[in-house]
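Participant: Right, I'll just put the structure down here and ask away after.
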Amino acid sequence: MEEAAPVYDLAVIGGGINGTGIARDAAGRGAKVLLLEAKDLASGTSSNSSKLIHGGLRYLEHYEFALVREALSERERLWAIAPHIIWPMRFVLPHVKGLRPRWLLRLGLFLYDHIGGRDKLPATASVDLREHEAGEPLKSVFTKGFIYSDAWADDARLVVLNARDAADRGAEIRTRCRVTNFTREADGWRIEAGGETFFARALVNAGGPGVLGVLEAGRISDRRAMRLVRGSHIVVPKLFDHEYPYFFQLPDGRIFFAIPYERDFTLIGTTDADHEGSLDAVAASKDEIAYICDGANRFFRKQVTPDDVVWSYSGVRPLIDDGSGKPEAATRGYKLELSPQNQGAPLLNVFGGKLTVYRHLAEEAVDELTDRLASLEGPGWTDTAPLPGGDFAVDGVARLIEQVQARYSFLDAVQAERMVKTYGTEVFAIFGDAETLSHCGRDFGHGLTQREVDHQRQREWAMTAEDVLWRRTKLGLRFTAEQRAELERYMEDESAGRT
18 MEEAAPVYDL AVIGGGINGT GIARDAAGRG AKVLLLEAKD LASGTSSNSS KLIHGGLRYL
78 EHYEFALVRE ALSERERLWA IAPHIIWPMR FVLPHVKGLR PRWLLRLGLF LYDHIGGRDK
138 LPATASVDLR EHEAGEPLKS VFTKGFIYSD AWADDARLVV LNARDAADRG AEIRTRCRVT
198 NFTREADGWR IEAGGETFFA RALVNAGGPG VLGVLEAGRI SDRRAMRLVR GSHIVVPKLF
258 DHEYPYFFQL PDGRIFFAIP YERDFTLIGT TDADHEGSLD AVAASKDEIA YICDGANRFF
318 RKQVTPDDVV WSYSGVRPLI DDGSGKPEAA TRGYKLELSP QNQGAPLLNV FGGKLTVYRH
378 LAEEAVDELT DRLASLEGPG WTDTAPLPGG DFAVDGVARL IEQVQARYSF LDAVQAERMV
438 KTYGTEVFAI FGDAETLSHC GRDFGHGLTQ REVDHQRQRE WAMTAEDVLW RRTKLGLRFT
498 AEQRAELERY MEDESAGRT
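Quick note on numbering: the numbering used here labels position 92 of the sequence shown as 109, and the sequence is numbered without any gaps.
Structure, rendered in structure tokens:
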């Protein structure tokens, strides 16, 4: 007799930020949730963003006031529930003569300060770059500007922590489990994925840039056109020593950021280019890398070339095709489409979206399903519930670092800061009763110990060295080829049960 397929209330296809956010919200409302991801969590756009929690200042000039308001209202909520991986920054916006006039920039920043419920973040201020430390790395022609608030996030870890919290609330997370077929039946969906069969009463398609490809797997036609826009970034040795990131304007109307990154580097981007072709091997082109270098060289005294790039990455944004001419003008909004009740088992498709509004998008998505899924109970709850490791005050990072160093004296200041800004209060669960570095097992280099790797394997679905070095951490920037190979061997041995 054929074994019956596992039955879930809700299956979510897609292990990016929207998929894991929806899985978390639904699990917290009582649904039995299955999340299916073809690769690793955050293996696509959700680990290849500009890593900003922001309202999108430039969207104001495209009159997307509602989108900016929604994003700004989420900014401090996300900071409050994940203060270990999200923290505020004061962005410097130099005025460029001949581009947007200063009065227009000031008006935009006034709106930015006041339409989104800013509470704890400081307001915009004018800045004399001839006197401020952020002016020192810039060319002398830039003398005036503004300084405003936004926030930075570890995007991939935000995905992992949403998945972890969903699992802690009963969800099943299946990575490297590609959906190959799904069929609507009388009372739900039969789903083929990873060589197994699952059954769910409702289905969410959160495939990101692959959302239409997911529909093809279910032989569902959709005439919608998604606009896939590639955003590329480069990482170079740090161009400045202070903590202020920059927001720059270019003569072609585009903008880009230069952000302090991983202590010793500067992250610069992004581009906006229409993407064609496969989503499996998205990379920054030579032209994009050269464009970013040229943009940076307009502003910084220290010049950069493509030879200085230590890492580049590229993500594809799934934008709703609104007929905009330029990629940067296409809307960053999202649309949720729920199948009509007369079609049978519900299918909810997620089109578009951006990192900053993922939590609100997820709440709205689950709200849409409440009338169709009896197991969902209660209102949204994710606006105040901390993500794993984030159960401390937004101003408590420094204090937590001190506590970690006091408890684990074998960690130096840099290592303690990295651990806190990766795991928050979960650092104590990772190191437990360890008294010395030798109690933490193998030392893979740069502060990465066996205890940390095992935590990622057992609690965060890491299966390869790439998962560890580029999505659970960014230690890939520091590891040598030999160190990577040693870590990969350990991961393979653990997967095979050889150690």
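All C-beta atoms, glycine included, are put in the ideal place defined by N, C-alpha and C. Remember, it's a predicted structure, so these values are computed and weren't measured experimentally.
Are the CB atoms of residue 485 and residue 473 nearer to each other than 7 Å?
Facilitator: As a working note, residue 485 is residue 468 in the sequence shown. As a working note, residue 473 is residue 456 in the sequence shown. The answer is yes: Cβ separation under 7 Å.
Participant: Spatial neighbours of residue 441 within its chain, please: C-beta separation below 6 Å, excluding the five flanking residues on both sides.
Facilitator: Taking the sequence shown and counting its residues from 1, one reaches residue 441 at position 424. Here the set comprises 101, 406 and 407.
Participant: Tell me which residue opens and which closes the alpha helix (DSSP H) that residue 278 is part of.
Facilitator: Here residue 278 refers to the residue found at position 261 when the sequence shown is read from its first residue. Unbroken run through residue 278 is the beta strand (DSSP E), 272 to 278; no alpha helix (DSSP H).
Participant: Around the Cβ of residue 114, are there at least 16 other Cβ atoms within 10 angstroms (buried) or fewer (exposed)?
Facilitator: By one-based count along the sequence shown, residue 114 stands at place 97. Per the 10 Å Cβ criterion, exposed.
Participant: How would you call residue 82, buried or exposed, if buried means at least 16 neighbouring beta carbons within 10 angstroms?
Facilitator: To locate residue 82, count along the sequence shown from 1; it is residue 65. Exposed: under 16 other Cβ atoms inside 10 Å.
Participant: At which residue ranges does the stretch 208 to 255 contain complete beta strand (DSSP E) runs of 3 or more residues, listed in the order of the chain?
Facilitator: List check, beta strand (DSSP E) in window: 213 to 222 and 243 to 254.
Participant: When the Cα atoms are used, what is the spatial distance from residue 179 to residue 219?
Facilitator: In the sequence shown, counting from the first residue as 1, residue 179 sits at position 162. In the sequence shown, counting from the first residue as 1, residue 219 sits at position 202. Each residue's alpha carbon lies about 20 Å from the other.
Participant: Assess, as a yes-or-no matter, whether the stretch 176 to 190 is touched by the stretch 24 to 40 under the definition of 3 or more beta carbon pairs within less than 8 Å.
Facilitator: These segments touch.
Participant: Is it buried or exposed, residue 162, if we count other Cβ atoms within 10 angstroms and call 16 or more buried?
Facilitator: Taking the sequence shown and counting its residues from 1, one reaches residue 162 at position 145. By the neighbour-count rule (16 or more Cβ atoms within 10 Å), residue 162 is buried.
Participant: For the alpha helix (DSSP H) containing residue 303, name the first residue and the last one.
Facilitator: Taking the sequence shown and counting its residues from 1, one reaches residue 303 at position 286. Element bounds for residue 303: 303 to 314.
Participant: Assuming residue 229 and residue 243 make a contact with CB atoms under 8 Å, what is their CB distance in whole Å?
Facilitator: Taking the first residue of the sequence shown as position 1, residue 229 is located at position 212. Taking the first residue of the sequence shown as position 1, residue 243 is located at position 226. At roughly 6 Å, the Cβ-Cβ gap stays under 8 Å, so residue 229 and residue 243 are in contact.
Participant: Using the Cα positions of residue 72 and residue 458, report the straight-line distance between them to the nearest angstrom.
Facilitator: Taking the sequence shown and counting its residues from 1, the one referred to as residue 72 is at position 55. Taking the sequence shown and counting its residues from 1, the one referred to as residue 458 is at position 441. Going by the C-alpha atoms only, they are around 43 Å apart.
Participant: Are there three or more Cβ pairs, one per stretch, closer than 8 Å when the stretch 44 to 52 is compared with the stretch 386 to 405?
Facilitator: A contact exists between the stretch 44 to 52 and the stretch 386 to 405.
Participant: Have a look at the DSSP bridge pairing and note the partners of residue 166.
Facilitator: Locating residue 166 in the sequence shown gives position 149, where the first residue counts as 1. Residue 166 pairs with 107.
Participant: Below 8 Å, can you find three or more Cβ-Cβ pairs linking the stretch 89 to 96 to the stretch 128 to 148?
Facilitator: Flag = yes, the stretch 89 to 96 and the stretch 128 to 148 touch.
Participant: Do the CB positions of residue 264 and residue 108 come within less than 7 Å of each other?
Facilitator: Here residue 264 refers to the residue found at position 247 when the sequence shown is read from its first residue. Here residue 108 refers to the residue found at position 91 when the sequence shown is read from its first residue. Yes.
Participant: At a cut-off of 6 Å, would you count residue 167 as near the ligand GTP, judging by its Cβ distance to the nearest heavy atom?
Facilitator: The ligand GTP is not among the ligands present in this structure, which contains no ligands whatsoever.
Participant: Where does the unbroken beta strand (DSSP E) through residue 526 begin, and where does it stop?
Facilitator: For the chain, the structure presents residues 18 to 516; residue 526 sits outside this window and is missing.
Participant: Can you name, in chain order, every residue of its own chain whose Cβ lies under 6 Å from the Cβ of residue 305, other than the five neighbours on each side?
Facilitator: Here residue 305 refers to the residue found at position 288 when the sequence shown is read from its first residue. Once the five neighbours on either side are set aside, the close Cβ partners of residue 305 are 249 and 288.
Participant: May I ask which residues mark the beginning and end of the alpha helix (DSSP H) holding residue 470?
Facilitator: What you label residue 470 is simply residue 453 of the sequence shown in a count that begins at 1. Looking at the DSSP string, the run of the alpha helix (DSSP H) that includes residue 470 is 467 to 476.
Participant: Does the Cβ of residue 416 have 16 or more other Cβ atoms within 10 Å, making it buried, or fewer, making it exposed?
Facilitator: Along the sequence shown, read from residue 1 onward, the residue named residue 416 stands at position 399. The residue is exposed, with fewer than 16 neighbouring Cβ atoms inside 10 Å.
Participant: Are three or more beta carbon pairs between the stretch 115 to 127 and the stretch 213 to 227 nearer than 8 Å?
Facilitator: Result no; under three Cβ-Cβ pairs closer than 8 Å.
Participant: For residue 512 and residue 404, I'd like the C-alpha separation in whole angstroms.
Facilitator: In the sequence shown, the residue the question calls residue 512 occupies position 495. In the sequence shown, the residue the question calls residue 404 occupies position 387. Looking at the two C-alpha atoms, the distance is approximately 27 Å.
Participant: From the DSSP output, in three-state form, read off residue 22 for me.
Facilitator: If you number the sequence shown from 1, residue 22 lands on position 5. Reduced to three states, the DSSP call for residue 22 is coil.
Participant: Between which two residues does the beta strand (DSSP E) containing residue 53 stretch?
Facilitator: Walking along the sequence shown from the start, residue 53 turns up at place 36. It spans 50 to 53 - the beta strand (DSSP E) in which residue 53 sits, taken as one unbroken run.
Participant: Starting from the N-terminal side, write out each stretch of the beta strand (DSSP E) that is 3 residues or longer and does not extend beyond the stretch 95 to 149.
Facilitator: Runs of the beta strand (DSSP E) inside the stretch 95 to 149: 103 to 111 and 142 to 145.
Participant: So what's residue 460 in DSSP terms, helix, strand or just coil?
Facilitator: Looking up residue 460 in the sequence shown gives position 443. Three-state result, residue 460: strand.
Participant: Threshold first: 4 residues or longer. Then list the alpha helix (DSSP H) segments lying entirely within the stretch 389 to 460, N to C.
Facilitator: Whole alpha helix (DSSP H) segments, 4+ residues: 414 to 424, 430 to 440 and 444 to 448.
Participant: Sorted by chain position, which residues of the same chain lie with C-beta nearer than 6 Å to residue 487's C-beta, five sequence neighbours on each side aside?
Facilitator: Along the sequence shown, one-based indexing puts residue 487 at 470. Around residue 487: 493.
Participant: In this structure, what does DSSP give as the bridge partners for residue 286?
Facilitator: Position 269 of the sequence shown, counting from 1, holds the residue named residue 286. According to DSSP, which records beta bridges pairwise, residue 286 is partnered with 250 and 274.
Participant: Expressed to the nearest angstrom, what Euclidean distance is found between the alpha-carbon atoms of residue 18 and residue 214?
Facilitator: Residue mapping note: residue 18 aligns to position 1 of the sequence shown, counting from 1. Residue mapping note: residue 214 aligns to position 197 of the sequence shown, counting from 1. Interpretation of residue 18 is limited by its pLDDT of 32, a score under 50 that renders its predicted location unreliable; the figure taken from the coordinates is listed afterwards. Distance between the alpha carbons of residue 18 and residue 214 is about 15 Å.
Participant: What is the DSSP secondary structure of residue 370, reduced to helix, strand or coil?
Facilitator: Mapped onto the sequence shown, residue 370 falls at position 353. If DSSP states are grouped into helix, strand and coil, residue 370 belongs with coil.
Participant: Could you compute how far the alpha carbon of residue 280 sits from the alpha carbon of residue 465?
Facilitator: Position 263 of the sequence shown holds residue 280. Position 448 of the sequence shown holds residue 465. One C-alpha to the other measures close to 16 Å.
Participant: Do residue 173 and residue 70 have their CB atoms nearer than 7 Å?
Facilitator: Position 156 of the sequence shown, counted from the first residue, corresponds to residue 173. Position 53 of the sequence shown, counted from the first residue, corresponds to residue 70. Not in contact: residue 173 and residue 70 (Cβ atoms no closer than 7 Å).
Participant: Does DSSP put residue 334 in a helix, in a strand, or in coil?
Facilitator: Residue numbering aside, residue 334 sits at position 317 when the sequence shown is read from its first letter. Looking at residue 334 - three-state DSSP - the assignment turns out to be strand.
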